[in-house]
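Enquirer: Chains as they are written, first to last, in the numbering used here: chain A, 1 to 242; chain H, 1001 to 1242.
There are 2 protein chains.
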Amino acid sequence: MKIDPKNKADLSAQIAKAIRDAIISGDMNVDERLPSESELADQFDVSRSTVREALKRLAAQNLIRTQRGATGGAFVRRLSYDEAYAQHITTSTLLLSMNAVDFETACEARFALERACAPLSAKRRTPDHLATMRAEIHRQAQPGLSDERFCDSDVAFHRALVDGAGNPVLSYQLAGAVEAMQPLMNMITFTQRNRDVIIGLHTRIADALEMQNSADADEALAELTAYTLTLGEEAMEARARR
Amino acid sequence: MKIDPKNKADLSAQIAKAIRDAIISGDMNVDERLPSESELADQFDVSRSTVREALKRLAAQNLIRTQRGATGGAFVRRLSYDEAYAQHITTSTLLLSMNAVDFETACEARFALERACAPLSAKRRTPDHLATMRAEIHRQAQPGLSDERFCDSDVAFHRALVDGAGNPVLSYQLAGAVEAMQPLMNMITFTQRNRDVIIGLHTRIADALEMQNSADADEALAELTAYTLTLGEEAMEARARR
DNA sequence: CGCGTTTAATTGTCTGACATTTTAGACAGC
DNA sequence: GCTGTCTAAAATGTCAGACAATTAAACGCG
């Protein structure tokens, strides 16, 4: 980890990479303390500012945490599921918005992945998951709910569906696909008729999962996919005409 | 974006957050230039070092790029698919290794997601994808191939399968699940018998995709899932006994 | 022994300086 | 007018040194 060529370009990036590699390769364990900033500056033969910039880069990736005081310093950080979720969602959302991914592509990806969860969710969903889904369905039926709140509730419903599979890795991977769709979904105007259809399909999905009927759940999800696609197309057309 | 309370803790993190929010919310467009470091220092009423640490945090997340020289500065960066892939894979791998995710969970997630791609891939795979899969199968059959190389080829095969769906969002989301499994897969010792079975299933998958037979592909993938799970269990047991 | 107090270590911030890189503009020569 | 060269300015990258803030351990005292 102490290597550093005489390449005088982007010193702080090089140092960050050296330390990052040491962490990723497993040379450093969780909660292990890095040398102090002054020591690192000596080791790499750079100033403390440069070391600090390198450490900030690592902190931005949640790879280290810093602590002030006598026994303080930079420590290797355990990446928590919650942080990874948040990071994944941010990146996914940015990727979609900056690259102008069309609604159809994002929608297809999202529902294909969700349908992969359905059989597992039918098998393992707990009463808690079912209760969350029912509660969100109830919320979606409330009169006067704004389109944005309706979308929020939609995400929460689908999140419960995914979490029902009881596989945190699956939940983590899906979070990106589901949440990154939200900005696109927010472009849609949901009429009462639209909402009724969606609520009906959500109810069918919840029922199927409750009965542990994987085939019914899959069928309802397929219909929901198709329906969401048509809503998206209409919204895109309306937007294009404007 | 110019807001900054008198909260004197973690100034550089606060400033990074302010700028990040401005980028994510869409207030700043791709390739737009941020104010210079000195200007930002004045605006936020902090020193240039603090601003620089904030900017390094954003650079670490690929949100900005910096350029030296007269017309240089920090520019909002377009997040490319390749970078997002790399970032997603790194995070997923770390998440799995740091949280000691068991083989079964990771494996289940990976194959569930892959099976979601199979129908789309059967519909849309190009001759290129098929050629890649055949080439990797051929490579997997080579005598004297190390376990690690066999895993590499396995990943390449499955990557081609996923890419065959022709949906970049799907490919992106899947990359994390497939590649993050590799460290776990590398714990397995693949005997010739094991490899023969896997190669047979890969061939069945490639054949099914070539014939655009989604059901066959799904069945072969299901068998591959089950087989990989037993291999993983054996490897974990062997590791536990050691 | 228990409880403040001091002290040392460490990160966080500031200031000012210099190095390096890159562009735009001035200027000279034809 | 055109072209090539030179210079100055602007911006990031790095450095050195200082001080503030925070924290835990060592110390001293009753």
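Each residue gets a CB set at the ideal place from its N, CA and C atoms; glycine is no exception.
#1: Please classify V30 (chain A): does DSSP put it in a helix, a strand, or coil?
#2: Along the beta strand (DSSP E) that carries G1073 (chain H), what are the first and last residues, could you check?
#3: Under 7 Å Cβ-Cβ, which residues of chain A neighbour G1176 (chain H)?
#4: If R1204 (chain H) sits next to A1220 (chain H), beta carbons under 8 Å apart, how far is it from one beta carbon to the other, in whole angstroms?
#5: Give the secondary structure of T1066 (chain H) by DSSP, where H, G and I count as helix, E and B as strand, and everything else as coil.
#6: Between which two residues does the alpha helix (DSSP H) carrying I1188 (chain H) extend?
#7: Closest by CA to Y1172 (chain H), which one among H:Y1081, H:I1015, H:A1059 and H:D1042?
#8: Could you check where the alpha helix (DSSP H) with P1168 (chain H) kicks off and where it finishes?
#9: Less than 8 Å between CB atoms is the rule here; does Q14 (chain A) satisfy it with respect to chain H?
#10: Could you check if V1178 (chain H) is buried or exposed, using at least 16 other CB atoms within 10 Å of its CB as the buried criterion?
#11: Quick one: is E1138 (chain H) buried, meaning 16 or more other Cβ sit within 10 Å of its Cβ, or exposed?
#12: Exposed or buried, what is E39 (chain A) when buried is set at 16 or more other beta-carbons lying within 10 Å of its beta-carbon?
#13: With T1230 (chain H) as the anchor, note down where its alpha helix (DSSP H) starts and where it stops.
#14: Between I24 (chain A) and chain H, is the shortest Cβ-Cβ distance under 8 Å, so that the two count as touching?
#15: Does chain H have any CB closer than 8 Å to the CB of N213 (chain A)?
#16: Whole angstroms is fine: what's the gap from K187 (chain A)'s alpha carbon to A160 (chain A)'s?
#17: Figure out for me which residue from A:P119, A:A60 and A:G26 has the closest Cα to the Cα of Q1014 (chain H).
#18: Name the chain A residues whose beta carbon is nearer than 7 Å to that of M975 (chain H)?
#19: Pick from H:F1150, H:N1029, H:V1169 and H:S1153: whose alpha carbon is nearest that of T91 (chain A)?
#20: What residue does the alpha helix (DSSP H) around Q43 (chain A) start on, and which one ends it?
#21: Can you list the residues of chain H that C151 (chain A) reaches, using a CB-CB cut of under 9 Å?
#22: Do you know offhand how far T230 (chain A)'s Cα is from M133 (chain A)'s?
#23: Can you give me, in chain order, the residues of the segment 180-196 of chain A that have a beta carbon less than 7 Å from any beta carbon in chain H?
#24: Is V1169 (chain H) close to chain A? Criterion is C-beta to C-beta, closer than 8 Å.
#25: Do S12 (chain A) and T66 (chain A) have their beta-carbon atoms positioned less than 8 Å apart in this structure?
#26: Could you work out which residues of chain H lie near V101 (chain A), taking near to mean beta carbons separated by less than 8 Å?
#27: For chain H, is any of its Cβ atoms less than 8 Å away from the one on K56 (chain A)?
Expert: Judging by the given coordinates:
#1: coil
#2: G1073 to V1076
#3: Q173
#4: 4 Å
#5: strand
#6: Note, I1188 (chain H): premise wrong, no alpha helix (DSSP H); not H, not E.
#7: H:Y1081
#8: P1168 to A1180
#9: no
#10: buried
#11: With the sequence shown as reference, residue 1138 (chain H) is identified as His, and Glu is not the correct amino acid for it. That one is exposed.
#12: exposed
#13: S1214 to R1241
#14: yes
#15: no
#16: Reading off the sequence shown, one finds Met at residue 187 (chain A), where the question assumed Lys. Approximately 23 Å between the Cα atoms of the pair.
#17: A:A60
#18: This structure does not reach residue 975 (chain H), given that chain H is present from 1001 up to 1242, and the question cannot be answered.
#19: H:V1169
#20: E37 to F44
#21: Simply none; closest approach about 17 Å.
#22: 24 Å
#23: none
#24: yes
#25: no
#26: P1168 and V1169
#27: yes
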